[in-house]
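Visitor: Sequence lines, in order, name chains A and B. In case it helps, the UniProt record's numbering puts the first sequence at residues 1 to 360. In case it helps, the UniProt record's numbering puts the second sequence at residues 1 to 362. Glycine is no exception: its CB is placed at the ideal position from the N, C-alpha and C atoms. Note that the coordinates shown come from a computational prediction; the quantities given were computed from them, not determined experimentally.
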Amino acid sequence: MAEKSHQEGYPTKAFGWAARDQSGVLSPFNFSRRATGEKDVAFKVLFCGVCHTDLHMIKNEWGISSYPVVPGHEIMGQVTAVGSKVEKFKVGDKVGVGYMVGSCHSCDSCHNDLENYCPDMILTSGGKYHDGTTTYGGFSDIMVADEHYAVRIPENLPLDSGAPLLCAGITVYSPLRFYGLDKPGMHVGVVGLGGLGHVAVKFAKAMGLKVTVISTSLKKKEEALEHLGAHSFLVSRDPDQMQAAIGTMDGIIDTVSAAHPLFPLIGLLKTQGKLVLVGAPPKPLELPVFPLIMGRKIVGGSSIGGMKETQEMIDFAAENNITADVEVIPMDYVNTAFERLAKADVRYRFVIDVGNTLKI
Amino acid sequence: MAKSPEEEHPHKAFGWAAKDTSGILSPFHFSRRDNGVEDVTIKILYCGVCHSDLHAAKNEWGFSRYPMVPGHEIVGLVTKTGSNVMKFKVDDRVGVGVMVNSCKSCEYCHQDLENYCPQMIFTYNAQNHDGTKTYGGYSDTIVVDQHFVVRIPDSMPSDGCAPLLCAGITVYSPMKYYGMTEPGKHLGIVGLGGLGHVAVKIGKAFGLKVTVISSSSRKEREALDRLGADSFLVSNDPAKMKAAFGTMDYIIDTVSAVHALAPYLSLLKTNGKLVTLGLPEKPLELPIFPLVLGRKLVGGSDVGGMKETQEMLDFCAKHNIAADVEVIQMDQINTAMERLAKSDVRYRFVIDVANSLSQSQL
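This is how it looks when you write it as structure tokens:
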């Protein structure tokens, strides 16, 4: 059966890899991109990060996927054409696109540079664009995006290791700023040392914070201390270590998306401390209320960041030489990469070398 | 051998105490310390009955020590002042709330956050520095360090002011800390009891739009007509709750029983804040998706510091805010506790200590 999609009516042929069903297995996929509108930038995709969210979406783990799914929302590229009203970019510029490609532009969130909280925010992959078509992400050769949703990439920021900043980076940078966990000398804990966690350590250190990595497994200790430069490491399953660290942290960034107990983490917070969840366990967690009340503590959430803040984060990363630790892979390794990602077998993000390895 | 409560200190005192986990109170003779250089001795006029008194009297939280004289919403008259006391003089009308001492040297004490001092001493059921037990306001007198005594504004009624010393500061402090004071913003208040009804009054005084959220529709007229709330939401009406999704900037949750947070989180707008003040016996269930996708937060708060307690009283005086009380005699306290357990009070019992306590000695 021929694939019939709205995109067949688009003028520009595109090629990528898509998941066709809940097995999540990706394979070559022909589609098309819209013409470059007056506010759009068209670009050749050079690199695209592989986020755990891509894995959830290709397997329809959240029940919202509509196949075929072309994942990819940590996209670095080079501009090939700009619309007549585009002001931020010219042909040849390096550009990044993250988790969203549109929003309503008229709600409170949009007016406050918080497009990520707009109820009509449009996902880069698996969303529904203004013209009703499904959005296809960065596991593809070219993209067209409204310039508002593209960020300028400073010259000194490498495109391969910079790609994960477009989702993982902003996801941890935004709450460090919003919850005020960015004052030099503060002590911040980072739970989970994966794609999000390792970037959180780097940002926190660049902000002058003391950083403790909290993990279930001792085997990440050397990495955390020697390689990432965390100040200390706490094994969450060791009651003595956890006891000794009670009441020592101004804040905690919790990147773990599996179910886990909040009580010990709340205990690590000082009075007025803040526990921020950026991973999203699907089932509710137990919230012990006494320690929240007795210590005026907070449990809050955060989800990526707005476009203004994403640009600010990229500029901050470039100034402070912050990039992700990546394993660059060819496009046809992607299915193996997803299998390894499911087992957290990556230090710490796969990035697809789309520009050099995506071939029809 | 430890001294008896009557012999511990030099000055005789009389009150009502719970003797065991039944929580039943009865007459109790004990003693108060000498009035030290920093101290103020207070003849107690009124004492509010807080739901915490009930939890503590029955050892529901597991750390009660008997005999226990509850009471931490105290209004009285100064009868003696220590030589270092400049703020008060004899016959001043003063109040004492939830705490009677702290370390005075930690970072929290230095920031006027005595309530978060790790060595803060509760007005009752705690231990003084000298090892003796603290006894609360269901009694004729109390001796307190001046730092932990507040002035009652002249315009305030003693009985209606007493509950502000716990219930009032318990809702005022988080409203300030969590920024719930922008006129025109929308505050939801869950539970219309001692805390809830004061929160409505203070919320309106901050210029907020106030919605009372309650499981019982019979409180609607009260909430709207008498307390001045702008709207009322029945929490077990799914259609009405759904219509209110994403409409509130803040929610104050005063419910102390175990309850679901998910419906209240849905009522919040993006960046909304839910502050939980009740102390349930078990943890609550917290759904994470709404927190992450809406950048919402759940926070706690525990009374307030002394500076803020005085500020709260002055604010209430300025806006004519007092608690709605049912004044009772001391010997009615056990019946009052039973009714409180069933939320059968509008909205705080206040014991008329001065006029009924001594009679109960006979």
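DSSP three-state label for D345(A), please.
Guide: coil
Visitor: Output the boundary residues of the alpha helix (DSSP H) element that contains S161(A).
Guide: L159 to G162
Visitor: Which chain B residues sit within Cβ distance under 9 Å of T248(A)?
Guide: By Cβ distance, chain B contributes nothing, its closest Cβ being about 13 Å from T248(A), past 9 Å.
Visitor: Is DSSP giving C107(A) helix, strand or coil here?
Guide: In the three-state reduction of the DSSP assignment, C107(A) falls in the coil class.
Visitor: Applying the criterion that 16 or more other CB atoms from any shown protein chain within 10 Å of the CB defines a buried residue, is G16(A) buried or exposed?
Guide: Label assigned to G16(A): buried.
Visitor: Based on Cα-Cα distance, which residue from F232(B), V37(B), A126(B) and D145(B) lies nearest to residue 363(B)?
Guide: Residue 363(B) cannot be examined here, being either before or after the span of chain B that is shown, 1 to 362.
Visitor: Hey, how far is the Cα of A64(A) from the Cα of R349(A)?
Guide: Inspection of the sequence shows that residue 64(A) is occupied by Ile rather than by Ala. Between I64(A) and R349(A), the C-alpha separation is close to 24 Å.
Visitor: Output the distance between the C-alpha atoms of V79(A) and T135(A), rounded to the nearest integer angstrom.
Guide: Cα to Cα, the separation comes out at about 19 Å.
Visitor: Would the segment 8-19 of chain B and the segment 135-150 of chain B be scored as touching if the rule is three or more Cβ pairs under 8 Å?
Guide: yes
Visitor: What residues in its chain sit with their C-beta under 8 Å from that of S32(A), if we drop five residues either side in the sequence?
Guide: Within its own chain, the residues whose Cβ lies closer than 8 Å to the Cβ of S32(A), once the five positions on either side in sequence are excluded, are Q7, E8, G9, Y10, P11, T12, K13 and A14, listed in chain order.
Visitor: Answer yes or no: does any C-beta atom of chain A fall closer than 8 Å to that of V298(B)?
Guide: yes
Visitor: Flag this pair as yes or no: are the beta carbons of K88(A) and E147(A) separated by less than 8 Å?
Guide: yes
Visitor: Under 8 Å between C-beta atoms, does Y264(B) make it to chain A?
Guide: False, the Cβ-Cβ gap to chain A never drops below 8 Å.
Visitor: Taking 8 Å as the threshold (beta carbon to beta carbon), is T247(B) in contact with chain A?
Guide: no
Visitor: What residues in the segment 181-193 of chain B bring their beta carbon closer than 9 Å to a beta carbon of chain A?
Guide: None of the residues of the segment 181-193 of chain B has a beta carbon lying less than 9 Å from any beta carbon of chain A.
Visitor: Below 8 Å between beta carbons: does that hold for K210(A) and G229(A)?
Guide: Contact: no.
Visitor: Go to F316(A), then tell me how far its alpha helix (DSSP H) extends in each direction, as first and last residue.
Guide: M307 to E319
Visitor: My output table needs one value for F31(A): the three-state DSSP class, helix, strand or coil.
Guide: strand
Visitor: Give me the Cα-Cα distance between A244(B) and L267(B), rounded to the nearest whole angstrom.
Guide: 6 Å
Visitor: Buried or exposed, going by whether 16 or more other CB atoms sit within 10 Å of the CB of T335(B)?
Guide: exposed
Visitor: Which residue from G77(A), V191(A) and K283(A) puts its Cα closest to that of G162(A)?
Guide: G77(A)
Visitor: Using a Cβ-Cβ distance under 8 Å, would F89(A) count as near chain B?
Guide: no
Visitor: Give me, in chain order, the residues of the same chain whose beta-carbon lies closer than 8 Å to that of S66(A); leave out the 5 immediate sequence neighbours on both sides.
Guide: G126 and T134
Visitor: Have a look at R221(B) and G207(B) and give me their C-alpha separation to the nearest angstrom.
Guide: 21 Å
Visitor: If you follow the alpha helix (DSSP H) that H110(B) is in, where does it begin and where does it stop?
Guide: Looking at the DSSP string, the run of the alpha helix (DSSP H) that includes H110(B) is E107 to H110.
Visitor: Using the beta-carbon of each residue, which ones in chain B are nearer than 9 Å to R296(A)?
Guide: L113, N115, Y116, S173, P174, Y177, G299, G300, S301 and D302
Visitor: Tell me the rounded alpha-carbon separation between S358(B) and I42(B).
Guide: 16 Å
Visitor: Could you tell me the alpha carbon to alpha carbon distance between Q146(B) and K87(B), rounded to whole angstroms?
Guide: 8 Å
Visitor: Here's a check: name, in chain order, each residue in its chain whose Cβ is nearer than 6 Å to the Cβ of A203(B), leaving out the five neighbours to either side.
Guide: A small fix is needed here, since residue 203(B) is Gly in this sequence, not Ala. So the list reads L187 and V210, once near-sequence residues are dropped.
Visitor: In whole angstroms, give me the CA-to-CA distance for D131(A) and I304(A).
Guide: Straight-line Cα distance between these residues: approximately 25 Å.
Visitor: Please classify G189(A) as buried or exposed, where buried requires at least 16 neighbouring CB atoms within 10 angstroms.
Guide: Of the other Cβ atoms in all chains shown, 16 or more fall within 10 Å of the Cβ of G189(A); this residue is therefore buried.
Visitor: By the three-class DSSP mapping on this structure, what secondary structure does R152(A) have?
Guide: strand
Visitor: Classify N356(A) as buried or exposed, calling it buried when 16 or more other Cβ atoms lie within 10 Å of its own Cβ.
Guide: With fewer than 16 other Cβ atoms within 10 Å, it is exposed.
Visitor: For E6(B), is the classification buried or exposed, using 16 other Cβ atoms within 10 angstroms of its Cβ as the cut-off for buried?
Guide: exposed
Visitor: Going by other Cβ atoms of all chains shown within 10 Å of its Cβ, with 16 needed for buried, is L218(A) buried or exposed?
Guide: By the neighbour-count rule (16 or more Cβ atoms within 10 Å), L218(A) is not buried but exposed.
Visitor: Ignore the nearest five residues each way along the sequence and tell me which others in P153(B)'s own chain have a CB closer than 7 Å to its CB.
Guide: Result list for P153(B): L313, D314 and A317, in chain order.
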